[in-house]
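Novice:
Numbering (my numbering), first residue to last: 714 to 867.
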């Protein structure tokens, strides 16, 4: 029996969940900042990472972490009075987190400066709705990873 090399990185196996929802009322920039500040603080304490997109009054979010914590957070989101039509698109486990460096990455796709960034494409203009991703929910995961690769979610 050999012991593990202490210098080898350990795998961060994590559960993930992607959902979409509709804001009961559109969020302005200040409200989005406030939401993001609270989300980042709470997610850091719970060991949750991920990415949140906002566009046209709709949210898409990827949550990742320990399954029980991700599930509890999703249950809270479903009860949050600021949301309606909260729909889980995709959930599963991965060998490592996709967004480990983000307590909660964020991008407001309504911001016109986002559309002028390098790497922005028409693919990113898809509505953040269950209908837009119902045929292939893994497209939601691909969309979120585009933001990580292009550096838009800073």
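Virtual Cβ for every residue (Gly too), placed ideally from N, Cα, C.
#1: Is it the case that the region 794-809 contacts the region 756-766, given that we only count it when at least three CB pairs across the two stretches are under 8 Å?
#2: Can you name, in chain order, every residue of its own chain whose Cβ lies under 6 Å from the Cβ of residue 855, other than the five neighbours on each side?
#3: Could you compute how far the alpha carbon of residue 741 sits from the alpha carbon of residue 771?
#4: Can you look up residue 806 in the DSSP assignment and give me helix, strand or coil?
#5: Residue 840: which of 773, 809, 737 and 814 sits nearest, CA to CA?
#6: Got a sec? Which residues, its chain only, sit under 7 Å from residue 715 by beta carbon, not counting five neighbours each side?
#7: Taking only the alpha-carbon atoms, compute the straight-line gap between residue 848 and residue 802 and give it to the nearest angstrom.
Specialist: Looking at the atomic coordinates:
#1: no
#2: none
#3: 12 Å
#4: strand
#5: 773
#6: No answer about residue 715 holds up, because its pLDDT of 28 lies below 50 and its placement is not dependable.
#7: 10 Å
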